[in-house]
Amino acid sequence: MRKSNRAAAGAAAWKMVYDNTQQGKPSVAARVKALPRMLGARMRGQYQELSTSKIVLFLVALAYVVSPIDLVPELFIPIFGVADDVGIVVWLTAALLGETERFLHWERIGADHIEGEVVS
Numbered sequence: 001m002r003k004s005n006r007a008a009a010g011a012a013a014w015k016m017v018y019d020n021t022q023q024g025k026p027s028v029a030a031r032v033k034a035l036p037r038m039l040g041a042r043m044r045g046q047y048q049e050l051s052t053s054k055i056v057l058f059l060v061a062l063a064y065v066v067s068p069i070d071l072v073p074e075l076f077i078p079i080f081g082v083a084d085d086v087g088i089v090v091w092l093t094a095a096l097l098g099e100t101e102r103f104l105h106w107e108r109i110g111a112d113h114i115e116g117e118v119v120s
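Using UniProt numbering, the letters of the sequence shown map in sequence onto residues 1 to 120.
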């Protein structure tokens with residue numbers, strides 16, 4: 001990737017993170033910190049919105065990216081070999097960001113109900 005493309009991608013990612021915090025959405029750091037809490041709440045049976053099949057999909061995707069065994073090997077077809085890994089990483093990242101945002105919303109609503117406030 002060219003240096004100018006990396007800089008543009010970095011700037012776009014920073015803008016997305018910064019704009020999300022300005023719009024009242026959780027930051028990427030807050031979502032990353034929520035991941036262990038989300039999994040813990042799911043294991044304790046408190047958070048039912050995260051299905052077992054999604055957890056399995058996340059683990060399979062993570063194993064695929066980390067594994068040295070590849071569907072399309074980089075050695076034989078370099079562009080497509082990297083593209084499948086990038087596609088899986090993008091999907092996994094987007095899915096985890098979405099799930100953690102829903103979890104943070106669930107936590108906020110749960111806290112509001114505990115305090116006796118009505119959430120609209």
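Using N, Cα and C, we set each Cβ at its ideal position, and we do this for glycine too. Remember, predicted model here, so these are calculated numbers, not experimental data.
Ordered list of alpha helix (DSSP H) runs contained in the segment 66-113, each at least 4 residues: none
Three CB pairs or more closer than 8 angstroms across the segment 81-88 and the segment 44-54: no
Simplified DSSP assignment, three categories, for residue 26: coil
Is residue 47 helix, strand or coil by DSSP? coil
Meets three-Cβ-pair contact criterion under 8 angstroms: the segment 94-112 and the segment 31-41: yes
Length of the line joining the Cα atoms of residue 70 and residue 49: 31 angstroms
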